[in-house]
Amino acid sequence: MAPKRKNDQSDELTSRDRKKQKMADARTIAVQPTASTSNYIQGNAEAGPSKTVVRFDSMQGLPSAIDVEKFTEARAYEIDAMQKAIQNAGEGSTHRAWQTLPRHLRRRAASHDVRRVPVRLRDKARAEMDPVRKKALGRSHPKRGKANQISRTDSFLRRQKDKAWLETHIWHAKRTKMENLWGYRLAVTPTEKSFRPSHRASMHGSILHDASYFSLIELNGPESILQAILESCCDPQGPGTKRGISGSRMLDMHIYKPGSYPFDLVGPVSILWKPLQVKSGKSDEPDPEPSEQPKTRKRKGKAKATEEPDPSRPVFHRRMLWVRSHPAIHEEVSEALKSSASQVLQAAKQRDPETRREVQIADMRDKVNVFEIMGPKSSQVIKGALTPAGDENRQEFKKFWSSLTDLQTAGSLPRGMIIGFKVLDPRLKFPPKNAKPQKIDPQHPSSSPAFSFPTSVLAQSDIWDEASQGGPKKPRYKKKDLDDRRAKNLVPGTALRALRQDDRVPVLLIQRSLESTSSSQQSIHGWYLIVPANWSMPFLSSLVYTGTRIAGQRERETQAFEAGTAYFPRDYPLTPFYQTFADERELKEKEAWERKPSAKRPNFEKLQTRSPWKPDWEVVLGLQAPAPPKKDMVTTQREVNAPEASGGNIPDTSDPDATNINALDDTAPDSNTDAPAAIHRVIRPWLLRGPEVPTILEKASKMFNQGAALLAEINRLRTKRSMDILGSDVRMEELLQSALVVVRVEMYGRGCPDNLAMMYPMNDTEARMWLKSCSKGNGKIIQLEDIDGAEISETIPPSDTIIGYITTGNFSLSRGQGFAIGALPVAKLFNLQQQAQRLGQKSALVKIRNRDGTTLRLASLDLVEG
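Residues 211 to 1076 in this note's numbering are what the sequence shown lists, from first letter to last.
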């Protein structure tokens, strides 16, 4: 190596040479000098001072036998030199002690804690530790006194001051990334790269998610009163509460503020009725209310009076139901149920003042735990991990449990089917083994699995009583006790035999499906497994050991996206919690955008992106004027102050209550005479959701006055649930203008829409050009140009032509192309459907542009049911 200085003639070695010399010395084995070798070495001194050349001619003069002791003594120097050479080579290496371990033993803590390193390497690891680290690990501070020591439980409780932990929190914290969400510390995604493996597990295997953080509210009261409460605040679309009132099915619906349908949507909920008790083929006698069967008070010295109930008075069945909802809307759902119960009880009191009725509403969030097990192999996982207790003598359950092994997918069972039963402690059977389905012979139909129907008998479970009566108890035995019992087995690994004192755990198994009628191939089916509190870890250990993957919030969102269903809250615009969700996302993304330099971030002003951080649904619906650009503020204010120039009544943007009702319907009868009143009139935007949305919109689109048809359908649904029709304050043109609907977006050819991408309409000529280009399979117009000579796919339309936004967009792994969930006004959807009929297309067509892009893509729209 050349010297650093020009006149440096010193013979000192550089640091690099010294390091080489040190490594060479550490890897050199010393040799015992002899007379012959010393002469040989002196004669070859020209070879260099750092090289030792020794010749061995071991093939001559070998004795016929050797004495081991003498041979060892003669080679003692060489053996000692070899051991020292090995030690020196290990100490002189560039690897630290913990780096020499196998990869499955390497841990981050091993580089800081000597006890994490095997005993044979602890001395070396202790010598390699930094002095600062040694001092930090040492007891530099005095120990706490025994009275001042903090227990492990207390330290965990301190960390839960601003959030709550699930029972499986520690297990998830070691394997997933955690965040504070909705008052809980929840798993967001596994630490390993698992996006595609998680999708494959949901489509071909099984994947598990701990959903115990969901809100659970219990209602207890007369059956007729509970029905009236649900009909007052739940979606009137679909079969209603009659389908699940027997307790054999779980109902998925939406909840609104009492009597406000279709306005004031809160969010999706699930309804579970406690099944009716059945004895000897007849329903059990209902429990009458205390006020309905008058009782005489006990008085001292007098005989107890008896009074028979009046047969003319009605007898009410006392029932119980659970309302399960997203944790973020727990307060809103609870308030809606309480308000609805108050109204229903007040109306019942006016009809019959003598009868006293009451409804109990209780918070059950910490009483049960829920696991979501999705995928075609979820049935085999449940069958392998759970063992029914021996006292299950119901023929319906035996038929179902025997067919669970050969069940190819849970989608072949009725939707929302409930199965209740008792299982043994899953730790007794640990480690579990998955059930293996048998191949079905098509020539022998009798070999196919038996089909089970939902019944009240099959849904019976004691988990209702345990959760209501102060909560379930903790497991009787700890894992240590069961391990001690297992250690006494003669054959290691055999399952423990259940004893009489072992726990029998009541559970509920509910069929769950994520599906849409238009894309049944992407449907995902599985199960809800509801277990009592304090039993999460015993069940989780057995379920995970079967090979089931773990899902966080990201994987759960991806399941709904791949199935083509709306996910709360990101796909529920105009709901109260969606506003909070959108504000938080706006703050997070805007801060990340501002941290980047100008050259490394998109310029939304030049890209003509009107609202890059949050969809402006009121502007899309025509209820507000768009916010003016910063540079053209004066010009925009002049246009606002001159309504005749803009062709309509545009309100002042400074007034949040100001709206424009004539943005879509210029033929309104009072568009000119009542303009001031229309400007100050408040119009409530609303989201149309439910299983009958395609039918409702199809009927309304065929009518000449679409607003009147939509109002008639809404009033029909309200009358169906004994609600009054909408008052005169709701105009039919306003109802049509302020309605928003959720749609699926299928891309033509290439292109992947992102979140907050924009939808644009197009005229018939441009639509035919797009279809002609996409029929070639490239998905982008290259040769076809507009009048000005620019490519249509690169021409950004004006921002005032936006008709909708993408709420969730990404590349769909199940479809192999871009896919999205979005929303747009109902009035715009009617126009797009009429255009599709003129073009001979089955679905409406729009153009999609990402907020940070300039390329437009062709896409088709389809309604999202449910």
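Don't be surprised by glycine CBs; every beta carbon is placed ideally from N, CA and C. None of these values were measured; they are calculated from a predicted model.
- Here W980 has L1068 as same chain residues with Cβ atoms under 6 Å from its own Cβ, once five neighbours each way along the sequence are excluded.
- In the structure shown, the three-state DSSP call for D1010 is helix.
- DSSP places T819 in no beta strand (DSSP E); its state is neither H nor E.
- Here the alpha carbon of T615 sits roughly 19 Å from the alpha carbon of F749.
- Contact between L897 and L475 holds, with the beta-carbon distance rounding to 5 Å and staying under 8 Å.
- Listed in chain order, the non-local C-beta contacts of Y970 below 6 Å within the same chain comprise P1007, T1011 and K1057, local neighbours out to five positions each way being set aside.
- Taking the CA atoms as reference points, M413 sits about 20 Å from I1031.
- Residues of the same chain with a CB within less than 7 Å of the CB of A809, apart from the 5 flanking positions on each side, do not exist.
- Bounds of the alpha helix (DSSP H) holding N925 are Q916 to K930.
- Between Q769 and I734, the CB-CB gap stays under 7 Å.
- Per the Cβ contact rule, the region 439-457 is not in contact with the region 557-566 (fewer than 3 Cβ pairs under 8 Å).
- In the displayed model, Q618 falls within coil according to three-state DSSP, outside both helix and strand.
- With respect to the 7 Å criterion, G1014 and M957 are not classified as neighbours on the basis of their beta carbons.
- Between S589 and L617, the C-beta gap is smaller than 7 Å, which places the two residues in contact.
- Note on K484: 16 or more other CB atoms within 10 angstroms of its CB, so buried under the neighbour-count rule.
- Non-local beta-carbon contacts of T399 in its own chain, meaning distances under 6 Å to residues more than five positions away in sequence, involve K387, G762 and R764 in chain order.
- Just measuring C-alpha positions, the residue of L1034, L418 and T1064 sitting nearest L1055 is L1034.
- Here Q570 carries a strand assignment [DSSP, helix/strand/coil].
- If you draw a straight line from the Cα of E602 to the Cα of C962, it comes to about 52 Å.
- Going by beta carbons, G630 and A669 fall inside the 7 Å limit.
- Pairing V903 with L1073 gives a Cβ-Cβ distance under 7 Å.
- Looking only at L429, G585, V578 and K632, the smallest Cα-Cα distance to V543 is reached by L429.
- When beta bridges are read from the DSSP output, L1073 appears opposite V953.
- Under a 10 Å Cβ-count criterion, L945 is classified as buried, with 16 or more other Cβ atoms of the shown protein chains found around its own Cβ.
- In terms of Cβ geometry, Q732 and S1024 form a close pair [threshold 7 Å].
- Look at P407 here: in three-state DSSP terms it is helix.
- Rounded to the nearest angstrom, the gap between the Cα atoms of H382 and K690 is 21 Å.
- Per DSSP, V754 lies in no beta strand (DSSP E); the unbroken alpha helix (DSSP H) holding it starts and ends at S746 to Y755.
- With a cut-off of 8 Å on Cβ pairs, the region 774-794 is in contact with the region 714-726, counting three or more such pairs.
- A837 is not bridged by DSSP to any residue.
- Beta-bridge partners of S425 (DSSP): S535.
- Distance between T282 and D290, taken at the CA atoms: about 11 Å.
- Cβ contact annotation for W611 (same chain, cutoff 7 Å, sequence separation greater than five): P598, in chain order.
- Here the alpha carbon of M584 sits roughly 20 Å from the alpha carbon of P478.
- Residue state for Q1027 is assigned as strand, using DSSP reduced to three classes.
- G626 is positioned such that its CB atom lies no closer than 7 Å to that of P901.
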